[in-house]
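What follows is a short report on a single structure.
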């Protein structure tokens with residue numbers, strides 16, 4: 094049975110692999126499709142599509158060697174996607190968009206507004222950290238992580254690599270967490286606004302990893318109900334860190350609101366050690382049927 098991964102990050106946000114490297118890894122692992130869902134940016138999509146087109150051309154020509162598993166190379170679909178960071182009742186809620194028209198002018202304009210907001214926030218955070226005696230600036234972060242949309246994950250790596258902390262979790266505990274004096278919140282859209290934006294970009298809106306929000310059952314149910322009314326089409330019920338019980342709970346919640354199941358590893362490469370593309374921490378399995386169901390729901 095073919096497998097897919099519908100939640101993947103590149104170094105255009107806070108992953109460690111380039112979009113081209115992700116295509117190569119997905120091909121070697123025998124995936125039939127993966128979604129590039131970088132945080133608040135679509136900068137890596139064109140590169141990934143180009144790399145996949147070249148790979149598929151070679152696969153069709155029969156010029157590629159067999160996979161390490163011995164299987165013949167499969168055609169690989171790259172799904173243009175995005176992961177929006179939104180805010181709901183003081184919680185950070187993520188909405189994934191699949192099959193977005195990432196070149197639509199209105200969509201590109203909105204993404205640029207997110208980028209500008211993130212830049213302003215990063216300059217303020219760098220100033221706060223500098224006042225604490227850390228040799229950091231926004232320009233130095235950009236130089237350390239060229240071509241990336243700077244996130245707190247980049248800050249933690251910078252602090253670790255420059256000897257200010259002994260681990261990335263320590264960086265969040267001391268300097269980057271929501272409740273530290275150095276943190277600067279970024280202006281965010283609501284989950285409902287993100288769903289609307291994805292729908293207008295002809296995409297499929299998905300509520301990402303609901304279990305990770307640690308909401309009460311009633312509160313999560315209320316959020317899903319509101320998002321369903323706004324046009325939500327899917328819920329990430331298959332995810333790297335879920336227990337079997339949590340997956341069953343998410344599948345039940347999706348069924349209650351007639352939502353499709355989605356699934357993803359949330360792969361970040363070296364920035365999430367031991368979490369692998371498609372297989373997560375070793376037990377993740379996302380059959381292609383999940384993608385087929387999403388396409389059918391969206392009329393594709």
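Numbering (this note's numbering), first residue to last: 94 to 393. Heads up, the beta-carbon is just placed ideally off N, CA and C, and yes, glycines get one too. Owing to the predicted nature of the structure, the values given are computational and were not obtained by experimental measurement.
Residue 321 holds the alpha-carbon nearest to the alpha-carbon of residue 348 among 369, 336, 321, 376. In this structure, the straight-line span from the alpha carbon of residue 339 to that of residue 304 is close to 7 Å.
Classified as exposed, residue 163 has fewer than 16 neighbouring CB atoms from the shown chains inside 10 Å of its CB. Contact between the segment 140 to 152 and the segment 186 to 201 is not established, with fewer than three Cβ pairs separated by less than 8 Å. The C-alpha of residue 204 lies about 17 Å from the C-alpha of residue 103.
Counted as a single uninterrupted DSSP element, the alpha helix (DSSP H) harbouring residue 208 occupies residues 198 to 224. Runs of the alpha helix (DSSP H) lying entirely within the segment 329 to 357 and spanning at least 4 residues, in chain order: 337 to 349.
CA-to-CA, the gap between residue 232 and residue 277 works out to about 18 Å. For residue 253, the enclosing alpha helix (DSSP H) has its first and last residue at 245 to 254. When only Cα atoms are considered, residue 241 and residue 388 end up about 30 Å apart. In this structure, the alpha-carbon of residue 127 lies about 13 Å from that of residue 382.
Per the C-alpha coordinates, the member of 159, 376, 201, 263 positioned closest to residue 291 is 201.
Runs of the alpha helix (DSSP H) spanning 4 or more residues and lying entirely within the segment 254 to 332 occur at 261 to 264, 284 to 293, 310 to 323, in chain order.
In the structure shown, the three-state DSSP call for residue 181 is strand. Residue 189 is bridged by DSSP to 176, 299.
Annotated as proximal: residue 370 and residue 122, with beta-carbon spacing under 8 Å. The beta carbon of residue 174 is closer than 7 Å to those of 128, 129, 130, 189, 190, 191, 193 in its chain, skipping five residues each way along the sequence. Residue pairing by DSSP places residue 132 opposite 176 in a beta bridge. Taking a 10 Å sphere around the C-beta of residue 259, we find fewer than 16 other C-beta atoms and assign the residue as exposed.
Under the 10 Å beta carbon count, residue 365 is surrounded by 16 or more other beta carbons and is classified as buried. Segment contact: the segment 258 to 272 against the segment 288 to 302, fewer than three CB-CB distances shorter than 8 Å; contact not assigned. In this structure, the alpha-carbon of residue 356 lies about 31 Å from that of residue 272. Here residue 132 is buried: its Cβ has 16 or more other Cβ atoms, across all protein chains shown, within 10 Å. Counting along the chain, the unbroken alpha helix (DSSP H) around residue 383 starts and ends at 381 to 390. Residue 116 and residue 171 do touch by the CB rule: their CB atoms are close to 7 Å apart, below 8 Å.
Scanning 167, 180, 252 for the CA closest to the CA of residue 223 turns up 252. Each of 153, 275, 343, 299 was checked against the Cα of residue 176, and the nearest Cα belongs to 299.
Straight through space, the alpha carbons of residue 330 and residue 336 are spaced by roughly 11 Å. For residue 371, the secondary structure class from DSSP, reduced to helix, strand or coil, is coil. CA-CA distance, residue 326 to residue 219, rounds to 38 Å. Residue pairing of residue 242 in beta bridges, as defined by DSSP: absent, with no partner found.
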